[in-house]
Amino acid sequence: MKFKINSKYVKWGITAFFVIAAAICFYYVVFHMTDIVRNVKSLSRVTTPIICGLIIAYLMTPILNSFEKGLLNPLFDKMKIKPSVKREKIIRALSILLTVVLVFFILYAIIAMLISQIVPSIRAIISNFDTYVDNVSAWLDKLLENNPDLKNYIVPQVSKASTELEKWLEDTATLLAKSSEILKTVSLSIISFVKATWNFIIGFIISIYVLASKETFSDQSKKMLYALFQTDAANSILKSFRFIHRTFIGFISGKVLDSIIIGLLCFIGTTIMNTPYAILVSVIVGVTNVIPFFGPYLGAIPSALLILIVDITHPLNCVYFVLFIFLLQQFDGNILGPKILGDSTGLSGFWVIFSITLFGGLFGIPGMIVGVPIFAIIYAAIRKIINHNLEKKKLPTDSASYNDMECVDKDGNFLPRVPAEPKIKKHKNTYALIKEKLTEKKDTELTETGKPKAIEKEKAPAEEKPDESVNEDEK
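According to numbering that gives the first Met the number 0, the stretch in the sequence shown is residues 0 to 474, in order.
Shown next as structure tokens:
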């Protein structure tokens with residue numbers, strides 16, 4: 000007798016297997032969370048250079064494509080070099096070389112500027128800190144001479160701040176006395192810096208190999224995608240990844256370019272206004288401008304305070320700087336930003352603020368930078384699911400179609416909103432009450448014929464007098 004496999008029992012067996020496996024995984028996750036976290040940290044420590052290399056390659060891809068399509072390919076066409084595999088390899092190698100040189104030049108320029116301009120500015124601020132404090136104290140004394148009430152409020156606050164500062168200095172002195180702990184902390188910091196530098200170097204090398212074979216990696220990923228999923232699902236996933244790429248690369252590259260331009264304009268403006276520490280202030284404004292919405296304020300507030308403290312006797316310099324930053328940010332938000340970024344995220348102002356607040360609270364400054372494109376991707380995915388479900392129900396996907404509607408009937412027709420009945424005023428105003436009383440009084444004076452009583456009396460027939468003779472005879 001031939002044994003037959005019952006598909007029903009096979010399905011039951013597979014279901015039971017997955018249920019048992021899920022229960023075992025759940026038990027292991029709940030009761031061995033410490034081991035899982037330790038293994039994840041070990042894995043992330045090993046894969047950090049690879050992840051760093053992929054991120055560097057992804058960020059350098061637009062520069063590489065610009066060199067290939069905008070410079071080398073037209074140059075080779077003018078040189079009448081026919082397309083071939085060898086030509087493509089040469090173009091790719093030259094593009095990678097130019098990209099690496101440009102990136103290193105940018106890093107060198109930033110470091111040189113930091114060392115040559117910003118570091119002396121910071122040293123000058125530290126060395127002249129006592130002078131700045133004396134200037135602020137003299138300004139406060141002059142201000143408080145004619146304001147005793149303000150003096151009674153500020154003096155306790157200054158005393159409290161001085162006490163806190165003195166306590167902090169004492170704690171710092173105590174910490175400095177513990178040289179062994181400081182040495183240990185410095186050693187750990189040096190080790191962390193060396194590890195970060197090593198990961199960056201290895202990641203940079205990996206990024207070069209990724210850029211050299213990025214088409215091969217892309218083709219292999221597509222092949223694996225269509226092998227694992229159905230055609231429609233693979234097409235949808237591929238379309239989603241392309242949208243993610245456009246959103247991320249468009250927002251990040253556009254925001255970096257926008258911040259560089261704003262930093263240069265800030266440097267030009269502060270130089271014309273003779274603002275102290277113009278380079279330091281411009282770098283702060285340009286770097287913080289990468290953060291959407293809140294970035295300009297994060298850069299302008301400390302810069303304005305620095306300018307005010309440095310030159311407390313001329314507070315108008317700080318006022319001029321604040322006005323200049325306000326005009327600069329208006330130009331960025333209304334003209335420059337839309338020209339560079341366009342509608343790369345598709346989010347309204349509310350959702351931009353929401354995403355920055357959410358991801359900034361979760362991941363700090365990096366979350367504030369990448370929070371907008373990440374939330375734009377999540378928003379687009381949710382909108383796609385909602386529109387798909389509405390199309391299944393044969394309902395419109397446009398949000399404006401749901402304005403002024405009461406409900407949807409069984410046939411899918413929108414029923415308009417029924418206007419509310421007007422409220423009856425219970426209390427009339429004084430003018431209406433007086434008018435109503437006068438009308439009632441006038442109506443009471445009218446007779447049934449609709450004429451006043453005075454006219455009625457004039458036209459009424461005279462009443463007959465009683466016959467006196469008859470009355471006398473009767474008597």
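Cβ atoms here follow ideal geometry from the backbone N, Cα and C, with glycine treated the same way. Note that this is a predicted model, so its numbers are computed, not measured.
If you check the beta carbons only, do residue i and residue j fall under 9 Å apart?
| i | j | result |
| --- | --- | --- |
| Met367 | Phe293 | yes |
| Asp257 | Leu327 | no |
| Leu71 | Leu53 | no |
| Gly285 | Leu263 | yes |
| Ile308 | Cys265 | no |
| Leu279 | Leu305 | yes |
| Phe320 | Ala303 | yes |
| Ala379 | Gly348 | no |
| Leu97 | Phe75 | no |
| Phe242 | Ile381 | no |
| Asp310 | Pro275 | yes |
| Pro82 | Ile248 | no |
| Gly411 | Lys391 | no |
| Leu340 | Gly253 | yes |
Do you know offhand how far residue i's Cα is from residue j's?
| i | j | result |
| --- | --- | --- |
| Val45 | Leu58 | 22 Å |
| Tyr388 | Leu394 | Note on residue identity: the sequence assigns Asn, not Tyr, to residue 388. Answer to the nearest angstrom: the Cα atoms are 9 Å apart. |
| Val289 | Arg86 | 38 Å |
| Asn198 | Leu106 | 17 Å |
| Val18 | Asp397 | 42 Å |
| Asp408 | Lys338 | 45 Å |
| Phe203 | Ile49 | 9 Å |
| Leu42 | Lys159 | 49 Å |
| Val28 | Phe228 | 29 Å |
| Ser239 | Lys194 | 35 Å |
| Phe477 | Leu224 | This structure cannot speak to residue 477, because the chain is shown only from 0 to 474. |
| Asn134 | Lys141 | 11 Å |
| Gly332 | Trp350 | 16 Å |
| Ala232 | Leu101 | 40 Å |
| Arg245 | Ala20 | 39 Å |
| Pro119 | Ile259 | 22 Å |
Strictly by DSSP, which residues pair up with residue i?
| i | result |
| --- | --- |
| Met404 | Pro415 |
With distances taken from CA atoms, which of the options is nearest residue i?
| i | options | result |
| --- | --- | --- |
| Glu405 | Arg416, Ile49, Ala233 and Arg241 | Arg416 |
| Ile109 | Ser354, Val282, Phe17 and Asn412 | Val282 |
| Val209 | Ala56, Pro337 and Leu42 | Ala56 |
| Ile95 | Asn64, Gly69, Val255 and Gly12 | Asn64 |
| Ile90 | Ala211, Ala123, Thr196 and Leu101 | Ala211 |
| Lys88 | Leu237, Ala111 and Glu214 | Glu214 |
Closer than 6 Å by C-beta to residue i: which residues in its own chain qualify, once you throw out the five before and the five after it? Chain order, please.
| i | result |
| --- | --- |
| Ala453 | A caution first: Ala453 carries a pLDDT of 46, below 50, which makes its placement in the model unreliable, though a value can still be read off. Once the five neighbours on either side are set aside, Ala453 has no close Cβ partner at all. |
| Ser354 | Gly370, Val371 and Phe374 |
| Ser206 | Gly52, Ile55 and Ala56 |
| Gly360 | none |
| Thr47 | Asn198 |
| Thr448 | Low per-residue confidence applies at Thr448: pLDDT is 49, beneath 50, and the placement is therefore not dependable enough to give any value. |
| Gln156 | none |
Within the same chain, show all residues whose beta-carbon is closer than 7 Å to that of residue i, passing over the 5 residues directly before and after it, in chain order.
| i | result |
| --- | --- |
| Ile373 | Phe358 |
| Asp34 | none |
Excluding five sequence neighbours on each side, which residues of the same chain lie with their C-beta closer than 8 Å to the C-beta of residue i?
| i | result |
| --- | --- |
| Ile364 | Ile290 |
| Ala277 | Phe266, Thr269 and Thr270 |
| Pro301 | Ile283 |
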